[in-house]
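Right, one structure below, let's go through it.
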Amino acid sequence: MFKKIEHTNYSPIQPVLVWDGDCGFCKFWKTRWELKTKGKIEFKTYQEVANNFPDIPLKEFKKSSKLIEPNGKVYNGPDSAYRCIYYSGNKIWHKLYTKYKIFQHLSDHGYNHIAKNRSFYFKLTKILLGNNPTSLKHFWIFYLLIIIVLVYWVL
């Protein structure tokens, strides 16, 4: 499980999401959030900038994404994603994470599971949403329709 780092003494000039540049799943979703945040957040790989934050252990950058704000506040794992979405105007996910312990617990464990199975979830993402993160195709609706038809046909 990733460790929740709360603060860094090496604040960036603008918010920066630090992610794993070797991960296709991470790159797919980073691209989505980059489009949604419209320049409000800088996106850098930990391979590029981990040395800029010497008070955050490298192993923690490898375990989870981090959103680091100019005041030094650090958001980790699922909350880094929720905080990115917050910058796009959708504030509900970050509020749920900070307000409800059960949502925080489920998010943290879900994030940890996905992080340990990135290649599977990357394949699933592409099956359900397509290969292009800038133009999602909602194939899952088609798959759901097929399942409903098959269930109806069998019954």
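In this note's numbering, the protein residues as written are -12 to 142. Note that beta-carbon positions come from the ideal geometry of N, C-alpha and C, so glycine has one too. Keep in mind the model is a prediction, meaning the values are calculated, not measured.
- request: Would you check if the stretch -6 to 5 and the stretch 29 to 49 touch, i.e. whether three or more CB-CB distances between them fall below 8 Å?
  value: yes
message: Taking the beta carbon of V138 as the centre, do at least 16 other beta carbons fall within 10 Å, making it buried, or is it exposed?
response: For this step, residue 138 is matched to residue 151 along the sequence shown. That one is exposed.
message: Just to confirm before moving on: does the CB-CB distance between F(-11) and Y87 stay below 9 Å?
response: Looking up residue -11 in the sequence shown gives position 2. Looking up residue 87 in the sequence shown gives position 100. In this structure, Y87 does not lie closer than 9 Å to F(-11) by Cβ.
- prompt: Which runs of the beta strand (DSSP E) fall wholly inside the stretch 26 to 95 and span at least 3 residues, in chain order?
  reply: 29 to 32, 53 to 55, 61 to 63
field: L22, enclosing alpha helix (DSSP H) - first and last residue
entry: Within the sequence shown, residue 22 is the residue found at index 35, counting from 1. Here the alpha helix (DSSP H) through L22 covers 11 to 24.
task: Using the Cα positions of F12 and K103, report the straight-line distance between them to the nearest angstrom.
output: For the purposes of this step, residue 12 is identified with residue 25 of the sequence shown, where counting begins at 1. For the purposes of this step, residue 103 is identified with residue 116 of the sequence shown, where counting begins at 1. Distance between the alpha carbons of F12 and K103 is about 12 Å.
field: Rounded separation between L142 and I135 - CA only
entry: Working through the sequence shown from its first residue, we reach residue 142 at position 155. Working through the sequence shown from its first residue, we reach residue 135 at position 148. Computed Cα separation, rounded: 11 Å.
message: Please classify N77 as buried or exposed, where buried requires at least 16 other C-beta atoms within 10 Å of its C-beta.
response: On the sequence shown, position 90 is the one that residue 77 refers to. Looking at its Cβ environment, which holds fewer than 16 other Cβ atoms inside 10 Å, N77 is exposed.
message: Distance check for G117 and W140, CA to CA, integer angstroms please.
response: Working through the sequence shown from its first residue, we reach residue 140 at position 153. Working through the sequence shown from its first residue, we reach residue 117 at position 130. Between W140 and G117, the C-alpha separation is close to 28 Å.
query: So, helix, strand or coil for L111, using DSSP?
result: For the purposes of this step, residue 111 is taken as the residue at position 124 of the sequence shown. The answer is helix: DSSP assigns L111 an H, G or I state.
task: Hey, could you find the ends of the beta strand (DSSP E) L131 is sitting in?
output: As a working note, residue 131 is residue 144 in the sequence shown. Run containing L131: none in the beta strand (DSSP E); it sits in the alpha helix (DSSP H), 126 to 141.
message: Any contact between the stretch 59 to 66 and the stretch 6 to 22? By contact I mean 3 or more CB pairs, one from each, below 8 Å.
response: no
query: Span of the beta strand (DSSP E) holding L4?
result: Within the sequence shown, the letter at position 17 stands for residue 4. Here the beta strand (DSSP E) through L4 covers 3 to 6.
- prompt: Excluding the five sequence neighbours on either side, which residues of its own chain have a C-beta within less than 7 Å of the C-beta of L109, listed in chain order?
  reply: In the sequence shown, the residue the question calls residue 109 occupies position 122. Note that residue 109 is Phe in the sequence shown, not Leu. Closer than 7 Å at the Cβ level, and outside the excluded window around F109, lie G11, F12, F15.
- prompt: From I79, D7, L54, pick the residue whose C-alpha is nearest to that of Q34; which is it?
  reply: Indexing the sequence shown from 1 puts residue 34 at position 47. That would be D7, whose Cα lies nearest to the Cα of Q34.
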